[in-house]
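Worksheet: one structure, shown below.
Protein chains: 2
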Amino acid sequence: MVDILHRVGIKTSNPEKVYEALTTIEGLAGWWTDDTKGSAEVGGVLEFRFPPGGFDMEVLEQRPSERVVWRVVDGPEEWIGTIVDWDLRQDGDYTIVLFKHQGWKEPVEFMHHCSTKWATYLMSLKSLVETGEGAPSPRDVHIAYPD
Amino acid sequence: MVDILHRVGIKTSNPEKVYEALTTIEGLAGWWTDDTKGSAEVGGVLEFRFPPGGFDMEVLEQRPSERVVWRVVDGPEEWIGTIVDWDLRQDGDYTIVLFKHQGWKEPVEFMHHCSTKWATYLMSLKSLVETGEGAPSPRDVHIAYPD
Chain A
25 MVDILHRVGI
35 KTSNPEKVYE
45 ALTTIEGLAG
55 WWTDDTKGSA
65 EVGGVLEFRF
75 PPGGFDMEVL
85 EQRPSERVVW
95 RVVDGPEEWI
105 GTIVDWDLRQ
115 DGDYTIVLFK
125 HQGWKEPVEF
135 MHHCSTKWAT
145 YLMSLKSLVE
155 TGEGAPSPRD
165 VHIAYPD
Chain B
25 MVDILHRVGI
35 KTSNPEKVYE
45 ALTTIEGLAG
55 WWTDDTKGSA
65 EVGGVLEFRF
75 PPGGFDMEVL
85 EQRPSERVVW
95 RVVDGPEEWI
105 GTIVDWDLRQ
115 DGDYTIVLFK
125 HQGWKEPVEF
135 MHHCSTKWAT
145 YLMSLKSLVE
155 TGEGAPSPRD
165 VHIAYPD
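First to last, the sequence lines map onto chains A and B. To convert, count from 1 in the first sequence and add 24; that's our numbering. To convert, count from 1 in the second sequence and add 24; that's our numbering.
Here you go:
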């Protein structure tokens with residue numbers, strides 16, 4: 025098993041703003057993809073769609089301003105069954121986001137791609153909270169082509 | 025052992041341009057840090073410096089337009105002995121860069137940070153080759169503060 029790991033520091037005194045961006049349809053649509061639907065409650069399934077396809081995530085856990093965990097229940101074969109784990113903590117003027125996309129079976133080339141792409145989406149989340157504007161799909165940062 | 029993985033596609037018909045950005049002092053200074061010194065030859069040591077510190081990398085391998093490998097010989101404790109591995113291949117109008125920073129002992133918080141920061145520097149490398157201008161330190165993209 026191999027994992028994708030990331031960390032960003034988001035300048036805000038309100039970790040609730042980061043938590044909302046991870047636990048509401050409107051928030052998720054503001055940084056990951058315009059086309060976000062489904063249920064953001066624990067036990068619900070979030071449906072994220074992008075021009076090339078998408079992911080369905082079951083919400084496993086939500087602890088206000090501390091933790092969000094999803095399990096991938098549909099999407100690319102390599103993603104199914106993997107876990108997306110968000111840990112938040114406040115450090116002065118910053119909310120520190122520790123991100124893990126865990127449980128990849130093999131470090132395939134697609135995993136390299138997803139690691140870089142996650143980084144750009146985390147920067148989009150940071151931008152959304154700090155400035156009010158993220159870069160969700162289809163206005164996302166391109167790291168290759170097509171991506 | 026855990027690894028940082030990334031992948032970018034750089035729009036160029038000349039993989040040599042990417043290779044040069046990884047194997048010359050001027051190229052490396054164009055995307056990673058202005059303060060790059062040392063020897064870029066196999067067996068030499070590259071010295072990368074940033075406001076908070078730096079890394080010394082022994083050049084282990086160079087295969088034109090295909091592969092570059094460095095070993096960290098000085099820097100933060102978690103980095104020493106780790107391997108930075110660049111694989112290049114041409115795919116149509118793009119040079120595909122597969123990046124690995126291998127051999128971390130533990131998935132510590134600093135590794136999460138370095139993973140995201142590497143992604144932004146790979147985007148800087150992409151920008152340098154595609155547009156002639158990267159975002160090396162101290163004009164780098166900030167993912168937290170200080171970073």
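Cβ coordinates follow ideal geometry from the N, Cα and C atoms, glycine included. None of these values were measured; they are calculated from a predicted model.
With DSSP run on the structure shown, which of helix, strand or coil describes LYS124(B)?
strand
Using a Cβ cut-off of 8 Å, pull out every chain D residue sitting near THR144(A), in sequence order please.
Absent here is chain D; the protein component of the structure consists of chains A and B.
Using a threshold of 7 Å, is the CB atom of GLU71(A) nearer than that to any non-hydrogen atom of the ligand SAH?
Among the components of this structure there are no ligands whatsoever, and the ligand SAH is therefore not found.
Inspect the beta-carbon positions of VAL32(A) and MET135(A) and report whether they are closer than 8 Å.
no
So if I threshold CB-CB distances at 9 Å, which residues from the stretch 29–53 of chain A count as touching chain B?
Answer set for the stretch 29–53 of chain A: LEU29, HIS30, ARG31, VAL32, GLY33, ILE34, LYS35.
If ILE107(B) sits next to GLN126(B), beta carbons under 8 Å apart, how far is it from one beta carbon to the other, in whole angstroms?
Indeed, because the Cβ distance is near 5 Å, the residues count as touching under 8 Å.
Under 8 Å Cβ-Cβ, which residues of chain B neighbour ASP27(A)?
VAL26, PRO131
If you scan the stretch 80–112 of chain B from start to end, which runs of the beta strand (DSSP E) of 3 or more residues do you find wholly inside it?
91–98
Output the distance between the C-alpha atoms of LYS41(B) and LEU122(A), rounded to the nearest integer angstrom.
35 Å
Which chain B residues are close to LEU152(A), counting only those with a beta carbon under 8 Å from its beta carbon?
Ordered by position in chain B, no residue passes the 8 Å Cβ test against LEU152(A), which lies about 15 Å from the chain.
In whole angstroms, give me the CA-to-CA distance for PRO76(B) and ALA159(B).
If you take the alpha carbons of PRO76(B) and ALA159(B), they lie about 17 Å apart.
Using beta-carbon positions only, say whether ARG73(A) and GLU82(A) come within less than 8 Å of one another.
In this structure, ARG73(A) lies away from GLU82(A), with their beta-carbon atoms at least 8 Å apart.
Under 7 Å between beta-carbons, which chain A residues line up against ALA159(B)? List them in chain order, please.
Result: empty, since nearest Cβ-Cβ is about 13 Å, beyond 7 Å.
Which of helix, strand or coil does DSSP assign to SER151(B)?
Note: SER151(B) maps to helix in three-state DSSP.
With a CB to CB cut of under 6 Å and the five nearest residues on each side skipped, what residues in its chain are close to ARG113(B)?
ILE120
In this structure, how does DSSP classify SER63(B) when only helix, strand and coil are distinguished?
coil
Can you give the Cα-Cα distance for VAL92(A) and THR140(B), rounded to whole angstroms?
19 Å
Nearest by alpha-carbon distance to LEU84(B): which of PRO162(B), TRP110(B), TYR145(B) is it?
TRP110(B)
Taking 8 Å as the threshold (C-beta atoms), are ASP115(B) and HIS137(B) in contact?
no
When the Cα of SER148(A) is compared with those of GLU133(A), PRO131(A), HIS166(A), which residue comes out closest?
HIS166(A)
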